[in-house]
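The listed protein sequences derive, respectively, from chains H and S.
Here the first sequence is numbered in our numbering, starting from 35 and rising by one per residue.
Here the second sequence is numbered in our numbering, starting from 35 and rising by one per residue.
Positions of the beta carbon are idealized from the N, C-alpha and C atoms, including for glycine.
Computed from a predicted structure; not experimentally measured.
Protein chains: 2
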Amino acid sequence: MPLSRKPIRANAFYAQSGGVTSVINASACGVIETARMHKLRIAKVYAGKNGIIGALREELIDTSKDTKKSISALRHTPSGAFGSCRYKLKGIDENRAEYERLIEVFKAHNIRYFFYNGGGDSMDTAHKISQISEIMDYPITCIGIPKTVDNDLPITDNCPGFPSVAKYVAVSVLEAGFDVASMCESSTKVFVMEVMGRHAGWIAAAGGLASEEEGEAPHIILFPEIAFDKDKFLKKVNATVKKYGYCVIVVSEGAAYKDGTFLAESGTVDAFGHKQLGGVAPVVAQMIKDEYGYKYHWAVADYLQRAARHIASAVDVEQAYALGKAAVEFALKGNNATMPVIIRKATKKYSWTIGEARLEDVANVEKMMPRKFISKDGFHITEACRNYLQPLIVGEDYPPYKNGLPQYVRLKNVLVEKKLKDYKV
Amino acid sequence: MPLSRKPIRANAFYAQSGGVTSVINASACGVIETARMHKLRIAKVYAGKNGIIGALREELIDTSKDTKKSISALRHTPSGAFGSCRYKLKGIDENRAEYERLIEVFKAHNIRYFFYNGGGDSMDTAHKISQISEIMDYPITCIGIPKTVDNDLPITDNCPGFPSVAKYVAVSVLEAGFDVASMCESSTKVFVMEVMGRHAGWIAAAGGLASEEEGEAPHIILFPEIAFDKDKFLKKVNATVKKYGYCVIVVSEGAAYKDGTFLAESGTVDAFGHKQLGGVAPVVAQMIKDEYGYKYHWAVADYLQRAARHIASAVDVEQAYALGKAAVEFALKGNNATMPVIIRKATKKYSWTIGEARLEDVANVEKMMPRKFISKDGFHITEACRNYLQPLIVGEDYPPYKNGLPQYVRLKNVLVEKKLKDYKV
């Protein structure tokens, strides 16, 4: 049962956590705009400078110093406007001092609402903070807001950030596929695109959306979930080139051999013997070249994919905003230790609504791709997967442009005056 | 003096050449739509299947078999719709048989107009065909249509294909810069993005448009025109990280040491001793890691950049179409051995018009970045460069979408019945 909190006027703390996305600021926008509509309950929203580290250091950004227009522009601005961090709080027993510091900072600044925007680790942290709030008898309403391009949170139908990466990858593979098809007669025959997803193949799977008919790129997807079989893979590549003239491959950075060795680690060294110089795309491309001599090209999108707000999914932007808004509404209703989630109501004529999950049920659980989403031979997605993914990338939500460039906002990020002694993080 | 041709009703041949772009089909669209408006003069437009190879093999695509709607969709479809190739015809004396074959095919199909859409090499080929036409006394009107992402053709103010790559690179660097800035406190401090341009730094320079104010990404650009000075570079990276917390670098694939060795070649070998596995981005990133230990990420956009029709420059699309249209108009006016070019009329309030250049003046001349476009320290662009580049990326020309994906057209590409014996290419 979510713990209930009495209504009280206080400040809120919002922090962004982990890898940023093209829509995490849309969630921030939802939080701040909704909080501003309830000033009798939420006085100010303070954002953690560089995430939870900002709370520990008492580096609190006063979001009220930014105009309505700037806050509104967060909806179309990628990245983490207040800074984010990869910082996982240890267990309460292991590092109680850190939790006490958080409570001290929250007390000093009359913070009674805690909104934490991140993935599984962050939901674990938010859950722990709700626990310490009990233990230390300082009431804080803790609400998680889901975010992760990896799409690996449980309960929620999908995670904000993922649909936009999915759209970027699908569009990019579609375009590169057209390019390679044009040239394959006399030039490049194999193109390899590396995408994110160290543990789960959701992003790689999204590349599969580009091939709507037999023979269209991508022809092969390499998932982290499927042990890499070099021989089977090479034969499939060759058969594809023979049949269609070219072969486009999407490979997840997490693609690995049966024994768990990442392909990306498999033997790449520079002249000085340093490992891990390259990504997995060049490794796969070279493997094919060595066997068949096909001319190849490869791309590694890296941060470009998760920052690509210019081609964000409209569904994603809408959901990210809605989840931020819902988080504030939950808090104002007195819910605690919960996270708003996306519930899919219909797939064919896609519709969704907001539900609620308990943080303890979300924390540290990874949702993997179901095997039924991957084709029998392990090299592509199934219709079930397509049905799941396709509605998520629908709609474009273009940012405004000036002089040919998107007009992304840089906030003022004015810090609140410190009241406490320095604390080393 | 352009050679003059008498009006005659005949067929036209159009071929795409070299690396494709996101707007070369817009030029094709301009050619075909304009030709269709002059059916009394141009009976049919035949397109070479896979470029000039299609002419040699007598593989001629009858573009009249595709609907008005499909041809119109070429305007928003990246890649080469008829296939392209990298195939440079030798000198007439060296390989007269090849030219004779071309003339034979043109005669057999009553082709009197030759439109060749490509870069410097292709303009050389088009020029040679205009010469053989004289020698063999078979009149062909030869018009080149410029295309190259490298932006290295002379006389024309810019080359179609380049402005869209420039926009893609500027937008991507802007977005990745925002991403890295969010995380640099506790995570990635250095981001390296590799872009195309083996000989000229035009594309790398375009990345510079993303930094509108001091301190904004990219902080460093590595041009092929500037000999790489490792020590100076590393110091600049470190100073940037110290000052701004992070450093974003755009590196041209053609970046090289003073002795001409490409950075990309400098020592990368896989476990089997194979060279050239990776690109230049990982080499540069590793160099920084080795010296300062900064956590890095890198991206290689490769074909994604030249295929990215989803973020094409509206100026580029308009110019590419206009040049295709102008090529047909030139031909109908009786001009020969020329190429339509872009003439910049004004920069501040950007405007342009179509001019004309002689193929012999364009063929095999490479336009490099002027030194005054690169900052004194060699690591960024100057105001002069910004003034040149900036108008080119203005405006978005989004393709139509369905189910979340751009609706790019695949033509029927019906071949004309052969009349001649097979010819081996």
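Between residue i and chain S, is the shortest Cβ-Cβ distance under 8 angstroms, so that the two count as touching?
i, result
"Cys-63/H", "no"
"His-414/H", "no"
"Arg-378/H", "no"
"Asn-84/H", "yes"
"Glu-219/H", "yes"
"Val-275/H", "no"
"Ile-179/H", "no"
Can you give me the C-alpha to C-alpha distance between residue i and residue j, rounded to a whole angstrom?
i, j, result
"Val-428/S", "Gly-358/S", "21 angstroms"
"Val-139/S", "Thr-274/H", "32 angstroms"
"Ile-408/H", "Phe-196/H", "18 angstroms"
"Gln-310/S", "Tyr-202/H", "Low confidence applies to Gln-310/S: its pLDDT is 46, below 50, so where it sits in the model is not reliable, and the reading given next is rough at best. If I take the Cα positions, the gap works out to 28 angstroms."
"Tyr-328/H", "Arg-120/H", "41 angstroms"
"Gly-288/H", "Gly-154/H", "18 angstroms"
"Thr-299/S", "Pro-316/H", "Checking the displayed sequence, the identity of residue 299/S turns out to be Glu instead of Thr. So the two alpha carbons sit approximately 14 angstroms from each other."
"Ser-220/S", "Asp-100/S", "56 angstroms"
"His-308/S", "Val-318/H", "Low confidence applies to His-308/S: its pLDDT is 46, below 50, so where it sits in the model is not reliable, and the reading given next is rough at best. Straight-line Cα distance between these residues: approximately 13 angstroms."
"Ile-105/H", "Ser-56/H", "15 angstroms"
"Met-71/H", "Gly-152/H", "24 angstroms"
"Leu-445/H", "Ala-348/S", "29 angstroms"
"Met-217/H", "Tyr-442/S", "17 angstroms"
"Lys-382/H", "Lys-264/H", "37 angstroms"
"Ser-156/H", "Ser-198/S", "39 angstroms"
Between the options, which has its C-alpha nearest residue i's C-alpha?
i, options, result
"Ala-142/S", "Gly-153/S, Glu-92/S, Arg-392/S, Tyr-150/S", "Glu-92/S"
"Val-448/S", "Arg-43/S, Ile-105/S, Leu-94/S", "Leu-94/S"
"Asp-15/H", "Gly-412/H, Gln-320/H, Pro-258/H, Ser-167/H", "Residue coverage of chain H in this structure runs from 35 to 459, which leaves residue 15/H outside it and unanswerable."
"His-253/H", "Ala-289/H, Trp-236/H, Leu-208/H, Lys-264/H", "Leu-208/H"
"Thr-182/H", "Leu-74/H, Tyr-150/H, Glu-246/H, Gly-53/H", "Gly-53/H"
"Ile-260/S", "His-331/S, Thr-295/S, Asn-144/S", "Thr-295/S"
"Gln-353/H", "Asn-369/H, Tyr-384/H, Arg-135/H", "Tyr-384/H"
"Trp-386/H", "Val-396/H, Ala-418/H, Asp-350/H, Asn-398/H", "Asp-350/H"
"Val-459/S", "Ala-46/S, Tyr-48/S, Arg-135/S, His-161/S", "Arg-135/S"
"Gly-85/S", "Phe-148/S, Ala-290/S, Gly-231/S, Val-214/S", "Phe-148/S"
"Asn-370/S", "Gly-235/S, Ala-160/S, Lys-266/S", "Ala-160/S"
"Ala-89/S", "Leu-256/S, Phe-212/S, Phe-116/S", "Phe-116/S"
"Glu-363/S", "Arg-340/S, Ser-51/S, Glu-67/S", "Glu-67/S"
"Gly-438/S", "Gly-412/H, Leu-426/H, Ser-156/H", "Leu-426/H"
"Ala-544/S", "Val-334/S, Val-271/S, Tyr-48/S, Gly-313/S", "The structure shown does not extend to residue 544/S, since chain S is modelled only from 35 through 459, so no value can be given for it."
Output yes if chain H places a C-beta closer than 8 angstroms to the C-beta of residue i; else output no.
i, result
"Lys-329/S", "no"
"Leu-449/S", "no"
"Asp-171/S", "no"
"Asn-45/S", "no"
"Tyr-442/S", "yes"
"Gly-429/S", "yes"
"Val-334/S", "yes"
"Pro-434/S", "no"
"Pro-112/S", "yes"
"Arg-340/S", "yes"
"Gly-117/S", "yes"
"Val-54/S", "yes"
"Lys-201/S", "yes"
"Tyr-278/S", "no"
Could you name the residues that DSSP lists as bridge partners for residue i?
i, result
"Arg-378/H", "Trp-386/H"
"Pro-180/H", "Gly-152/H"
"Phe-262/H", "Tyr-291/H"
"Ile-189/H", "Per DSSP, none; premise fails for Ile-189/H."
"Val-255/S", "The sequence given here places Ile at residue 255/S; Val does not occur at that position. Ile-255/S is bridged to Val-284/S."
"Asn-45/S", "Ile-145/S"
"Tyr-330/S", "Val-224/S"
"Pro-440/S", "Tyr-435/S"
With 8 angstroms set as the bound, which would you pick, yes or no: does the beta-carbon of residue i sit closer than that to a beta-carbon of chain B?
i, result
"Trp-236/H", "Note that chain B does not occur in the displayed structure, where the protein chains are H and S."
*Do the stretch 106 to 119 of chain S and the stretch 45 to 63 of chain S meet, that is, are 3 or more Cβ pairs less than 8 angstroms apart?*
yes
*asked:* If contact is defined by three or more beta carbon pairs under 8 angstroms, each pair taking one atom from either stretch, is the stretch 274 to 287 of chain S in contact with the stretch 215 to 228 of chain S?
replied: yes
*Does the count of Cβ pairs from the stretch 388 to 404 of chain H and the stretch 179 to 196 of chain H closer than 8 angstroms reach three?*
yes
*Examine the Cβ distances between the stretch 354 to 373 of chain S and the stretch 121 to 128 of chain S and report whether three or more of them are shorter than 8 angstroms.*
Because the criterion of three Cβ pairs below 8 angstroms is not met, the stretch 354 to 373 of chain S and the stretch 121 to 128 of chain S do not touch.
*contact_flag[the stretch 450 to 458 of chain H, the stretch 75 to 90 of chain S] where n(CB pairs < 8 angstroms) is 3 or more*: Segments in contact, no.
*Could you say if the stretch 343 to 356 of chain H and the stretch 429 to 441 of chain H meet the contact criterion of at least three C-beta pairs nearer than 8 angstroms?*
yes
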